[in-house]
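Trainee: Can you read through this structure? Questions will come right after.
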Amino acid sequence: MTGSDMTDEQALAFARERFPYSEFCLVRHWRWIDLDVSEAQRLELEKTQRMPVMLYADGVVYDSMRRWDVGDSVRTSFLSVFEEGFVFRTLNTVYLMLGDGQRKRAALETVGRIRF
Numbered sequence: 016m017t018g019s020d021m022t023d024e025q026a027l028a029f030a031r032e033r034f035p036y037s038e039f040c041l042v043r044h045w046r047w048i049d050l051d052v053s054e055a056q057r058l059e060l061e062k063t064q065r066m067p068v069m070l071y072a073d074g075v076v077y078d079s080m081r082r083w084d085v086g087d088s089v090r091t092s093f094l095s096v097f098e099e100g101f102v103f104r105t106l107n108t109v110y111l112m113l114g115d116g117q118r119k120r121a122a123l124e125t126v127g128r129i130r131f
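Set out below in structure tokens:
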């Protein structure tokens, strides 16, 4: 799976212009994780406009809220909207997926065990 080919500087300018009122985070070395959930769990997520997908990244480039430092790892909450092939939105943050990444499938319980 491929994210944006923008440089870090281009991505930062893009995020500031496109999402001036949203929290955003630029990430590299990411994994798109399709979660195995029950039908009941999927329906519950849909009620709140979320999908059973999370993003895990080993390389934070920039975080507008300074929750993570450069190079930190991050695991998102559930996907709300995916657009332009690299913009991963949760209910509270926009993540820009930069460079190449991987797409994986995992159980929800497995993803919950990831330690930082």
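Each residue of the sequence shown is one higher than the one before, counting from 16 in our numbering.
From the three backbone atoms N, C-alpha and C, an ideal C-beta is built for every residue, glycine too.
Check this for me: beta carbons of L123 and T91, under 8 angstroms apart or not?
Mentor: Taking 8 angstroms as the Cβ cut-off, L123 and T91 do not qualify as a contacting pair.
Trainee: Give a yes or no on whether the C-beta atoms belonging to M112 and F93 are separated by under 8 angstroms.
Mentor: Cβ distance not < 8 angstroms, so M112 and F93 don't count as in contact.
Trainee: Can you name the residues that DSSP bridges to R119?
Mentor: The identity of residue 119 in the sequence shown is Lys, whereas the question assumes Arg. I48.
Trainee: Quick one: is S95 buried, meaning 16 or more other Cβ sit within 10 Å of its Cβ, or exposed?
Mentor: Buried: at least 16 other Cβ atoms inside 10 Å.
Trainee: Are W45 and A26 touching if we call contact CB-CB under 8 angstroms?
Mentor: It is not a contact, given that the beta carbons lie outside the stated cut-off.
Trainee: Can you grab the Cα-Cα spacing for the pair E61 / E54, in whole Å?
Mentor: Answer to the nearest angstrom: the Cα atoms are 11 angstroms apart.
Trainee: Let me check understanding here. Comparing Cα to Cα, which of R57, Q64 and S88 lies closest to L106?
Mentor: When only C-alpha atoms are compared, the closest one is Q64.
Trainee: Give me whichever residues DSSP pairs with L113 in a beta bridge.
Mentor: Looking at the DSSP assignment, L113 forms a beta bridge with S19.
Trainee: Within 10 Å of its beta-carbon, does Y110 have 16 or more other beta-carbons around it, so buried, or fewer, so exposed?
Mentor: With 16 or more Cβ atoms within 10 Å of its Cβ, Y110 is classed as buried.
Trainee: Is the Cβ-Cβ distance between D133 and V76 less than 8 angstroms?
Mentor: Absent from the structure is residue 133, since the part of the chain shown begins at 16 and ends at 131.
Trainee: Return the CA-CA distance between S37 and E59, expressed in angstroms with no decimal places.
Mentor: For S37 and E59, the distance between alpha carbons rounds to 25 angstroms.
Trainee: Just to confirm my understanding: we take G116, look at its own chain, exclude 5 residues before and 5 after, and list those with CB closer than 7 angstroms. What are they?
Mentor: The residues are M16, G18, W45, R46 and W47.
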